[in-house]
Amino acid sequence: MGRQQPVAYQVIILLIFVSYSEEVQYEFVSDNEDVMSDCQDKPKGALGFDSLFDMSELTLNMSDDGVQIQGNVTSIWDVKPTDRIQGSFSVLYFDRGSWQPTILNIVTKEFCDVMYDERQFWYKFWTKHVINSKDVKDKCLNVPGTKLVMETFLTTAVFGFDVPLKEGRHKFKMDFRAFDENNVQRENSICFEMTGEFYKI
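According to mature numbering (1 follows the signal peptide of the UniProt record, and there is no 0), the stretch in the sequence shown is residues -21 to -1, 1 to 180, in order.
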């Protein structure tokens, strides 16, 4: 029987930003009981994950096969519909007391243009399962109150990379930034991270 895991939704958000590859597969195990935390080096005014989505209508059940996801998420980020959204994702490696960058970095300057693009790697992990995508695909993350209705699906904490990873602690760092019509960045960016270890499978 599935085990309820209130914080599991935070893992799922990260799953969508990792490229799938059949060459090197890893399972990620978090070393933080809260799973997610604000970025240690977040800029002034930056907010955490709980300022991006309201997940109170999302239900997740853990099992040996993965995480079953069912329900809705609602955008709550206080930005404007006309803002350009830039998303970035990076994997860092803990070495000799500090976090070091790796070659695993992704920057999408026009995230809203490709959020529902089937060619993007996050599509199979996330937006493929938004059943009301035709109604909300033009609203992206920059329209507070937009509800994404998710079909029930099963996902796993397994990641694929095109290059092998070093052994030891790693950190996922995700950053969303909003830019106004004059291309000026708003201060209330979103920055969150997750630490843990990868195990090759």
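Yeah, the Cβ is synthetic: ideal placement off N, Cα and C, and Gly gets one too.
Three-state secondary structure assigned by DSSP to residue i
{"i": "C170", "result": "strand"}
{"i": "I86", "result": "The amino acid occupying residue 86 in the given sequence is Val; Ile does not appear at that position. It is a strand residue."}
{"i": "T125", "result": "coil"}
{"i": "S112", "result": "helix"}
{"i": "T81", "result": "strand"}
{"i": "D17", "result": "strand"}
{"i": "T131", "result": "strand"}
{"i": "S30", "result": "helix"}
{"i": "V58", "result": "coil"}
{"i": "V163", "result": "coil"}
{"i": "D74", "result": "strand"}
{"i": "K179", "result": "strand"}
Alpha-carbon spacing of residue i relative to residue j, whole angstroms
{"i": "E166", "j": "V3", "result": "38 Å"}
{"i": "D33", "j": "W56", "result": "9 Å"}
{"i": "T106", "j": "K88", "result": "18 Å"}
{"i": "G24", "j": "V93", "result": "26 Å"}
{"i": "E130", "j": "Q49", "result": "6 Å"}
{"i": "Q79", "j": "D20", "result": "13 Å"}
{"i": "E97", "j": "C18", "result": "29 Å"}
{"i": "Y95", "j": "Y5", "result": "26 Å"}
{"i": "Q47", "j": "S168", "result": "29 Å"}
{"i": "L83", "j": "Y72", "result": "10 Å"}
{"i": "Y178", "j": "P143", "result": "11 Å"}
{"i": "F90", "j": "I180", "result": "31 Å"}
{"i": "L26", "j": "Q164", "result": "14 Å"}
Residues bridged to residue i [DSSP beta-bridge criterion]
{"i": "K152", "result": "S69 and E172"}
{"i": "T53", "result": "D33 and K126"}
{"i": "I64", "result": "A157"}
{"i": "V93", "result": "Bridge partners of V93: none, in fact."}
{"i": "F7", "result": "F177"}
Residue i versus the options, residue with shortest Cα-Cα distance
{"i": "V170", "options": "S9, P22, E36 and D10", "result": "Before going on, a small fix: residue 170 reads as Cys here, not Val. Measuring from the Cα of C170, the nearest candidate turns out to be P22."}
{"i": "D29", "options": "V52, L39, V109 and P80", "result": "V52"}
{"i": "G175", "options": "S168, Q164, N162 and E146", "result": "E146"}
{"i": "G76", "options": "H149, F177, M153 and W101", "result": "H149"}
{"i": "E172", "options": "N161, T134, Q164 and D154", "result": "D154"}
{"i": "D10", "options": "K179, C119, V163 and F151", "result": "F151"}
{"i": "I85", "options": "S16, Q65 and D74", "result": "Q65"}
{"i": "D114", "options": "Y102, S69, L127 and K103", "result": "L127"}
{"i": "H108", "options": "T134, K118, L31 and G27", "result": "T134"}
{"i": "D35", "options": "W101, R156, M15 and S54", "result": "Per the sequence presented here, residue 35 reads as Ser, with Asp not at that position. Comparing Cα-Cα distances from S35 to each of W101, R156, M15 and S54, the minimum goes to S54."}
{"i": "F132", "options": "V8, L37, L83 and L31", "result": "L37"}
{"i": "T81", "options": "Q99, F68 and V8", "result": "F68"}
{"i": "A157", "options": "L31, M15 and N40", "result": "L31"}
Problem set entry | At least three beta-carbon pairs within less than 8 Å, the segment 122 to 133 to the segment 55 to 64 | yes
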